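S.K.: Have a look at the structure that comes next, please.
Residue numbers (the numbering used here): 1435 to 1480.
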């Protein structure tokens, strides 16, 4: 089997990171999440 995965956009990743942080009871600055999202280069596991 072959699975073709697409990179996640930075905006979508930031939104998801905000959601996860809220679910865990944390707050994070959007600028910090932007840095994390850019460093992950579209891969959510990174």
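We put the beta carbon where it would ideally sit given N, CA and C, even for glycine. On a predicted model such as this, the values are computed, not experimentally measured, just so you know.
Over the uninterrupted alpha helix (DSSP H) stretch that includes residue 1464, give me the two end residues.
M.R.: Taken as a continuous stretch (DSSP letters only), the alpha helix (DSSP H) holding residue 1464 covers 1464-1474.
S.K.: Excluding five sequence neighbours on each side, which residues of the same chain lie with their C-beta closer than 8 Å to the C-beta of residue 1472?
M.R.: If we look at residue 1472 and ignore the five residues flanking it on each side, its Cβ neighbours are 1444.
S.K.: According to DSSP, is residue 1453 part of a helix, a strand, or is it coil?
M.R.: Residue state, collapsed to three classes: helix.
S.K.: Compute the Euclidean distance between the alpha carbons of residue 1477 and residue 1470, then round it to the nearest angstrom.
M.R.: Cα-Cα distance, rounded: 11 Å.
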